[in-house]
Amino acid sequence: MIGIFLFVISVFFSAGAIALELKGKFTQGALIIGTAEPESLVTLNGNPLPILPNGKFVFGLSRDSGPTVLVMVRNKNGQIKKQTLKVRKRVYKEQKIFGLPQRKVIPEKRDYKRIAHERGLIDVARRLMTYDADFDDGFVWPVFGIISSVYGSRRILNGEPRAPHLGVDIAAPSGTAVVAAADGGVSLTHENMFFTGKTVQLNHGLGVGTIYIHLSKVMVKKGQKVKKGQVIGRVGKTGRATGSHLHWGLTWKTLRLDPSLLVGPMPSVNPK
Ligand SMILES: [Zn+2]
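Just add 4 to the spot in the sequence shown (first one is 1) and you have the numbering used here.
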């Protein structure tokens with residue numbers, strides 16, 4: 005009897021409230037997927053977010069985001085709901101890497117133009133806004149291997165302080181297949197970028213993207229649609245890398261997030 009009573013109460017309350025669901029790990033570096041009523045207006049810290057006809061929207065929490073963010077929803081009847089999200093703070097370690105070619109750490113003057121041009125290409129692909137919901141069907145590891153560098157680490161390369169590591173490095177033998185982490189469209193391919201070498205970038209809708217770098221082979225073309233699990237390239241060590249590994253990145257617009265938060269633990273690749 006009590007169970008039935010509580011059920012009725014909850015239906016009664018939800019009839020008068022605005023529906024808002026937020027899914028994800030509320031921690032720095034996370035991608036959050038939200039659902040509001042169709043035709044709602046949604047803002048994050050006062051900035052409007054694109055919303056799909058089914059009410060889905062997304063946003064990212066940067067490496068240094070927090071301590072809170074404010075999500076506000078106004079439905080088509082003008083009812084408003086505000087939700088303050090607490091963002092869990094993470095502790096980032098320092099990582100020292102030696103043995104990189106010195107020119108990849110301290111580029112020469114003649115490299116500047118090329119680096120700026122390539123950053124521009126990646127940025128344009130990251131800003132691509134499509135109204136697809138491919139981000140909403142789950143992600144998989146693009147390759148299995150030992151995680152050799154995690155998201156967020158402060159980095160000292162050949163003794164020089166550099167930008168934090170905003171992706172996940174997975175060590176795997178050169179030539180290992182790299183698969184698309186989710187359905188999407190190919191927003192960029194490149195055969196030889198200064199830092200990232202052979203590069204593939206995918207977009208998964210509403211500004212969510214993934215990038216796969218240091219490849220030995222690119223196996224897709226710009227504009228092509230890919231399915232989750234489809235082979236898009238092969239592991240390599242092109243660009244700024246000391247050994248063969250995949251650097252896997254996740255972005256929401258130009259914000260770089262932690263892709264490992266979207267997938268389960270890395271399966272053991274060396275069973276004893
Ligand atoms: Zn990396």
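All residues carry an ideal CB built from backbone N, CA and C; glycine is no exception.
Residue range 116 to 131 is occupied by the alpha helix (DSSP H) that includes residue 122. By DSSP's assignment, residue 205 forms a beta bridge with 192 and 215. In this structure residue 193 is buried. Its beta-carbon is surrounded by 16 or more other beta-carbon atoms within 10 angstroms.
Ligand 1 has a heavy atom closer than 6 Å to the beta-carbon of residue 173.
Rounded to whole angstroms, the Cβ separation of residue 91 and residue 73 is 6 Å, and the two are in contact under 8 Å.
Straight-line measurement puts the Cα of residue 201 at about 45 Å from the Cα of residue 23. Under the three-state reduction of DSSP output, residue 140 falls in the helix class. Looking only at 265, 256 and 180, the smallest Cα-Cα distance to residue 128 is reached by 256. If the five residues before and after residue 79 are omitted, its C-beta is found closer than 6 Å to the C-beta atoms of 22, 41 and 44, all from its own chain and listed in chain order. In this structure, the straight-line span from the alpha carbon of residue 118 to that of residue 87 is close to 44 Å.
Ligand 1 has a heavy atom closer than 6 Å to the beta-carbon of residue 251.
Non-local C-beta neighbours of residue 211 in its own chain, meaning closer than 6 Å and more than five positions away in sequence, comprise 133, 256 and 257, ordered along the chain. Uninterrupted beta strand (DSSP E) stretches at least 3 residues long and entirely within the segment 61 to 91 occur at 72 to 78 and 84 to 90, given in chain order.
Here DSSP, grouped into helix, strand and coil, assigns residue 260 to strand. Spanning the alpha carbons of residue 70 and residue 32 requires a straight line of approximately 7 Å. Per DSSP, residue 99 is one residue of the beta strand (DSSP E) stretching across 98 to 101. Here the alpha carbon of residue 123 sits roughly 33 Å from the alpha carbon of residue 57. Taking the C-beta atoms as reference points, residue 104 is found no nearer than 7 Å to residue 196. Rounded to the nearest whole angstrom, the CA to CA distance from residue 182 to residue 82 is 47 Å. Residue 47 is bridged by DSSP to 52 and 76.
Going by C-alpha positions, residue 179 is about 8 Å away from residue 221. Per the DSSP secondary-structure output, residue 249 pairs in a beta bridge with 175 and 240. For residue 98, the CB contacts under 6 Å within the same chain, skipping 5 residues up- and downstream, are 158 in chain order.
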